[in-house]
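Read the structure below first, then the notes.
Residue numbers (our numbering): 6 to 254.
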């Protein structure tokens, strides 16, 4: 909203509050269309947060891709040379050595890095049993990889499970909810229970298994996995339109 509109709404809110009446809803900002300077795709954004008339502005999709980091981008260079495989006994099925647990997660997106050196204020201790982990990564799939610097045994990269939450998206019921649901839960059964609580009609485990897709897409790309349900109405499920999913549970 413009500054003038914002001030008018604030003044009206103060008058309404003095009368003891419910506050009026804040007016929604008017979105303007811009062209992404990277892929040239059109997208919508609030003009009040845009600098220089949109020069050099990237669309949400390009920004998401540029800011997405994977475990392979974060591990030290020594990992590729020394820790890609295990030191287990020779296995004919894996003549070059079996992939280490951390190596199997190289393509998984990093949700957060916890470093005692670079992020002391926001650092969280490593939740695994190793005692010499001063940097570790929380991954999108619920795993965590630590950089263990043991003075006696040398480096290692242990993997632990933080949670078993999974993600899906599914169409609405074309009645009360015409759009798309995004759900996060440990099991399909729990996901169905959450959708029912959110108000989606005509949902069963069989229907969920048949029609739900195990992905969120860019619209939910920046959301950390936690149990819940989100929804976007029809026509507002495109991140290029400046819309964001609304949390229902």
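Cβ coordinates follow ideal geometry from the N, Cα and C atoms, glycine included.
Small disclaimer: the values here were computed from a predicted structure and weren't measured.
Just to check my reading of the structure: residue i and residue j have Cβ atoms closer than 8 Å, yes? What is that Cβ distance to the nearest angstrom?
{"i": "residue 135", "j": "residue 153", "result": "4 Å"}
{"i": "residue 209", "j": "residue 174", "result": "So it is not a contact: roughly 17 Å between Cβ atoms."}
{"i": "residue 156", "j": "residue 137", "result": "7 Å"}
{"i": "residue 123", "j": "residue 105", "result": "Not a contact, Cβ separation roughly 25 Å."}
In angstroms with no decimal places, state the Cα-to-Cα distance between residue i and residue j.
{"i": "residue 95", "j": "residue 103", "result": "Any reading at residue 95 must be qualified, since the residue scores a pLDDT of 45, below 50, and its modelled position is unreliable; the value itself is stated next. Spanning the two alpha carbons is a distance of roughly 9 Å."}
{"i": "residue 234", "j": "residue 81", "result": "37 Å"}
{"i": "residue 197", "j": "residue 61", "result": "43 Å"}
{"i": "residue 279", "j": "residue 182", "result": "Here the chain has residues from 6 to 254 only, and residue 279 is not among them."}
{"i": "residue 73", "j": "residue 115", "result": "8 Å"}
{"i": "residue 39", "j": "residue 120", "result": "37 Å"}
{"i": "residue 237", "j": "residue 86", "result": "45 Å"}
{"i": "residue 172", "j": "residue 129", "result": "25 Å"}
{"i": "residue 50", "j": "residue 133", "result": "42 Å"}
{"i": "residue 117", "j": "residue 127", "result": "11 Å"}
{"i": "residue 212", "j": "residue 205", "result": "12 Å"}
{"i": "residue 35", "j": "residue 165", "result": "46 Å"}
{"i": "residue 232", "j": "residue 195", "result": "9 Å"}
{"i": "residue 176", "j": "residue 225", "result": "15 Å"}
{"i": "residue 214", "j": "residue 55", "result": "42 Å"}
{"i": "residue 170", "j": "residue 75", "result": "19 Å"}
So which of the options has the shortest CA-CA distance to residue i?
{"i": "residue 167", "options": "149, 180 and 157", "result": "149"}
{"i": "residue 46", "options": "107, 65 and 54", "result": "65"}
{"i": "residue 253", "options": "187, 223, 226 and 71", "result": "187"}
{"i": "residue 5", "options": "231, 108, 125 and 225", "result": "Here the chain has residues from 6 to 254 only, and residue 5 is not among them."}
{"i": "residue 251", "options": "53, 125 and 184", "result": "184"}
{"i": "residue 269", "options": "227, 193 and 223", "result": "What the structure shows of the chain is the stretch from 6 to 254, and residue 269 is not part of that stretch, so it cannot be assessed."}
{"i": "residue 79", "options": "52, 68 and 110", "result": "110"}
{"i": "residue 249", "options": "180, 58 and 223", "result": "223"}
{"i": "residue 314", "options": "229, 53 and 48", "result": "Within the shown structure, residues of the chain are numbered from 6 to 254, placing residue 314 beyond reach of any answer."}
{"i": "residue 180", "options": "239, 52, 57 and 53", "result": "239"}
For residue i, does the count of other Cβ atoms within 10 angstroms reach 16, so buried, or fall short, so exposed?
{"i": "residue 112", "result": "exposed"}
{"i": "residue 84", "result": "buried"}
{"i": "residue 42", "result": "exposed"}
{"i": "residue 190", "result": "buried"}
{"i": "residue 207", "result": "exposed"}
{"i": "residue 151", "result": "buried"}
{"i": "residue 159", "result": "exposed"}
{"i": "residue 44", "result": "exposed"}
{"i": "residue 143", "result": "buried"}
{"i": "residue 71", "result": "exposed"}
{"i": "residue 220", "result": "exposed"}
Considering only heavy atoms of the ligand GTP, does any lie closer than 7 Å to the CB of residue i?
{"i": "residue 180", "result": "Looking for the ligand GTP in the displayed structure turns up nothing, as the structure carries no ligands at all."}
Identify every residue that forms a DSSP beta bridge with residue i.
{"i": "residue 151", "result": "141"}
{"i": "residue 251", "result": "236"}
{"i": "residue 50", "result": "37"}
{"i": "residue 79", "result": "Answer is none; residue 79 lacks a bridge partner."}
{"i": "residue 166", "result": "148"}
{"i": "residue 90", "result": "104"}
{"i": "residue 118", "result": "142"}
{"i": "residue 189", "result": "172 and 233"}
{"i": "residue 160", "result": "154"}
{"i": "residue 184", "result": "238"}
{"i": "residue 218", "result": "174"}
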